[in-house]
Amino acid sequence: MALKVDLLTKEELVYELMLRNVNTDKTDKVTDLRKRLRSVIKLNVQPNFLNLQNKLKIAEEFEIIKVKVSSIESSVEEILISKSTIDIVRFEQKLNHLQIRIKNLLKFKLDSTKEEELHKYMEKLGLAETKFKTLEVDSKLKEDIVRRLSETNMEEEDLSDVFENKLTFSASKSSDKTPIAGLTYRKEGECGNDEVTNTSIFSKLPNPVEKHLKNFKITNGLNISELLEFIKNLLKLKNETHLLDTEVIELCLGYVTGPLLSKIMECKSDKKDIQELHSELLHYFVPLGLKENLKRELVTRQQKPGEPFSVYKTEV
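In structure tokens:
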């Protein structure tokens, strides 16, 4: 299985870089680690467990693996129920990463008890993988989700680069200033109208697409409140990102099943945009009488006593 950089946590990124003999620092941001790992993969630098020598603390690594195996065991049951495509994609990557870590640790000299326990962990992961393989997910849909996530992350990394470069350039300009007749320069700390950019603020911003995807819940469209929540999240994803209608629809397919999935696939085939899809879903799933009641309750209702106007405006 090919390594999917965008699905790795910070700790997993550090491990993958260590495998390729790339040094990291605790202060490194996730965006920097991802970018570095992409670079070494592009250069075809192969992972080698020997690079872990004198860097990996065996006892600490053993505990990390123990916790991760427990997490895999509990999450597989949840994924079998939810069948969320993005969770499935993440699970595949985490499982593969963990199997590699255990195999690498087994290549070191360990006491027999630790070895035996690691083999048991591998068996547990094998059972989780067997259960997981019962899920049938469109491979193209999985690829589309990973691609979209990757593109968004790379945009974030590029944005970080822009701000880093701008700060470096600005610092260089200020240090090179020399007095010129008739001109005075502000001293450091004085206020002015110059634009100030703080990269640490931007580095903490969440992935804009992933932030919205976390709001989605799996639904088949037959529960009206779940359907309305899905539509609300669908519209927010479209309105608050720069995604195309087709891209939004592709991403949302990972959170629908049954009749709702069939209807959205039909709209996708007919090349309908988000507004048309919105109308189509309401027309198809919500009875006319109920639609009028919902309109009165949610759209044309008056502001409730004590309700902040901002909340009222958002809801209607």
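Start counting the sequence shown at 1; every next residue gets the next number (UniProt numbering). All residues carry an ideal CB built from backbone N, CA and C; glycine is no exception.
Between the CA atoms of residue j and residue i - distance to the nearest angstrom
i, j, result
"T113", "F91", "28 Å"
"T246", "K124", "39 Å"
"S269", "K120", "47 Å"
"S139", "L3", "16 Å"
"C267", "L277", "6 Å"
"N54", "N21", "11 Å"
"L222", "S279", "16 Å"
"V209", "K68", "26 Å"
"N104", "F49", "6 Å"
"E78", "L17", "30 Å"
"residue 325", "I86", "Outside the modelled stretch of the chain, which goes from 1 to 316, sits residue 325, for which no answer is possible."
"E116", "F62", "12 Å"
"D28", "E12", "13 Å"
"N44", "H283", "52 Å"
"K107", "I100", "11 Å"
"H97", "D273", "38 Å"
"L244", "L261", "19 Å"
"S39", "L19", "14 Å"
"I249", "T31", "27 Å"
"K214", "L251", "12 Å"
"V137", "R36", "31 Å"
"Y255", "E151", "20 Å"
"T57", "E73", "It should be noted that the sequence gives Lys, not Thr, for residue 57. C-alpha separation (whole angstroms): 24 Å."
"E240", "K232", "12 Å"
"L33", "I264", "37 Å"
"V286", "L235", "18 Å"
"L7", "Q93", "7 Å"
"I88", "K109", "34 Å"
"L118", "I102", "7 Å"
"K131", "K66", "20 Å"
Under the three-state DSSP convention, the category residue i falls into
i, result
"V256", "strand"
"T219", "strand"
"L261", "helix"
"R36", "helix"
"F230", "helix"
"K214", "coil"
"V286", "coil"
"E240", "coil"
"K140", "helix"
"D6", "helix"
"D270", "coil"
"K29", "coil"
"V209", "helix"
"L235", "helix"
"V22", "coil"
"K42", "helix"
"L135", "coil"
Exposure of residue i, with buried meaning 16 or more beta-carbon neighbours within 10 Å
i, result
"D25", "exposed"
"S84", "buried"
"A59", "exposed"
"R147", "exposed"
"G258", "exposed"
"G126", "exposed"
"residue 319", "One cannot answer for residue 319 here, as it falls past the ends of the chain, which runs 1 to 316."
"Q275", "exposed"
"E143", "exposed"
"K238", "buried"
"Q46", "exposed"
"L135", "exposed"
"H212", "buried"
"L52", "buried"
"L80", "exposed"
Segment limits, alpha helix (DSSP H) that includes residue i
i, result
"L125", "112–132"
"L17", "10–19"
"F91", "85–106"
"F49", "Run containing F49: none; DSSP gives neither H nor E here."
"K66", "58–82"
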